[in-house]
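If you count by my numbering, then the sequence shown holds residues 2 to 259, one letter each, in order. Positions of the beta carbon are idealized from the N, C-alpha and C atoms, including for glycine.
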Amino acid sequence: MGKPQTAERVSQRDASDNYVFQRSLLAYVYASERVSGRVLEVGTGSGYGVEVIAPKAEYFLTIDKHTPSVELVENHPNVEFRAMTVPPLVGIADESVDCVISFQVIEHIKQDGEFVREVHRVLKKGGKFIVSTPNRTMSLTRNPWHVREYTPEEFAALLEGTFESVEALGVEGNEKVWEYYEQNRKGVERITRFDPLDLQHRLPRWMLQIPYDLLNRLNRRRLLANNTALTTGITMADYSVVPIHPRCFDLLYIATKK
2 MGKPQTAERV SQRDASDNYV FQRSLLAYVY ASERVSGRVL EVGTGSGYGV
52 EVIAPKAEYF LTIDKHTPSV ELVENHPNVE FRAMTVPPLV GIADESVDCV
102 ISFQVIEHIK QDGEFVREVH RVLKKGGKFI VSTPNRTMSL TRNPWHVREY
152 TPEEFAALLE GTFESVEALG VEGNEKVWEY YEQNRKGVER ITRFDPLDLQ
202 HRLPRWMLQI PYDLLNRLNR RRLLANNTAL TTGITMADYS VVPIHPRCFD
252 LLYIATKK
């Protein structure tokens, strides 16, 4: 089944997405070193994380509201895909999984508290929830595809409302990443100068989603054309997972069920 061609679904095949893709890939690689047993993923996306996580799991259930390519699951006999909109986590029993991962998804979920409680419900005691989301303090503009974004403190409070232990980490970038970020910031400023009434913060999300997506894609492709070596030269090694600080691009928290 085809998926929406939105910049919200990062592709490893589109060079203009490389800056975001490499950062997203790091979350999967980091998680792969910490998961085992029965693993649940909320948010399959384009599916590039399956090949990273599946070899580390006894059983890997990945869910999304959009169906991935058939080959993605067929190539891994321990992987099951289910189409699902969350919350709740329908058909997943209490204390039945060892680890839950969810990257760049929770900002799209209206009932974020219920979602976190559902994750806690399906985790075994001692199980871990590894979750990432954009750091609001680093956002260059409003993203109308997101229901909300979190500061580090807000995200910790959300998880600590349900989980007994929360480790606050983040994804930071090196000088190459910051050079791209600055070029991106300038591109966003060129676009938002045509919004003197600040409609991006005044209009409802649904009215802004398609224009935002088109302009976001246009800006990424312009960055690629004008800074090809920089855009394509960023690798996962240019990012690192560190204790959270305000200039991290993503929040990457690990919540443990005691």
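Straight across, the Cα-Cα distance linking T63 with P197 is about 43 Å. Taken through DSSP and simplified to helix, strand or coil, S47 comes out as coil. In this structure, the CA atom of G162 is about 14 Å from the CA atom of I255. For the stretch 20-72, the continuous beta strand (DSSP E) assignments of 3+ residues that do not extend past its boundaries occur at 39-43 and 60-65, in sequence order. Taking C-beta atoms as the reference points, S25 and T232 fail to come closer than 8 Å. Boundaries of the beta strand (DSSP E) harbouring L252: D251 to T257, taken from the DSSP string. Counting every other CB atom within 10 Å of its CB across the protein chains shown gives S33 a total of 16 or more, marking it as buried. Taking the Cα positions, F82 is about 43 Å away from F195. The beta carbon of L73 sits closer than 7 Å to the beta carbons of G48 and V51 from its chain, once the five residues preceding and following it are set aside; these are given in chain order. If you keep only unbroken beta strand (DSSP E) runs of at least 3 residues inside the stretch 78-166, you get 80-84, 98-104 and 124-135. In this structure the stretch 85-98 does not touch the stretch 207-222; the number of beta carbon pairs closer than 8 Å is below three. A Cβ-Cβ separation of about 12 Å leaves F130 out of contact with F104 under the 8 Å criterion. Taking the Cα of P145 as reference, the smallest distance to any Cα among L27, T45 and E108 is reached at E108. Within 10 angstroms of the beta-carbon of A55 lie 16 or more other beta-carbons, which makes it buried. Taking the C-beta atoms as reference points, K66 is found no nearer than 8 Å to S37. By the neighbour-count criterion, in which 16 or more other beta carbons inside 10 Å mark a residue as buried, T134 falls on the buried side. A direct Cα-to-Cα measurement between E183 and E168 gives close to 29 Å. The beta carbon of N228 sits closer than 8 Å to the beta carbons of Y181 and Q184 from its chain, once the five residues preceding and following it are set aside; these are given in chain order. Of V43, R203, G46 and T45, the smallest CA-CA separation from R143 is found for R203.
Proximity to Y31 across V53, V11, T236 and N19 peaks at V53, based on C-alpha coordinates. Secondary structure of P197 (DSSP, three-state): coil.
Of the candidates R149, C100 and R223, R223 places its Cα closest to the Cα of K187. Between E119 and V87, the beta carbon gap of about 7 Å places them in contact (Cβ cut-off 8 Å).
In this structure, the straight-line span from the alpha carbon of M208 to that of F156 is close to 27 Å.
The beta carbons of D251 and K177 sit no closer together than 8 Å. The beta carbon of Q13 sits closer than 6 Å to the beta carbons of F22 and Y49 from its chain, once the five residues preceding and following it are set aside; these are given in chain order.
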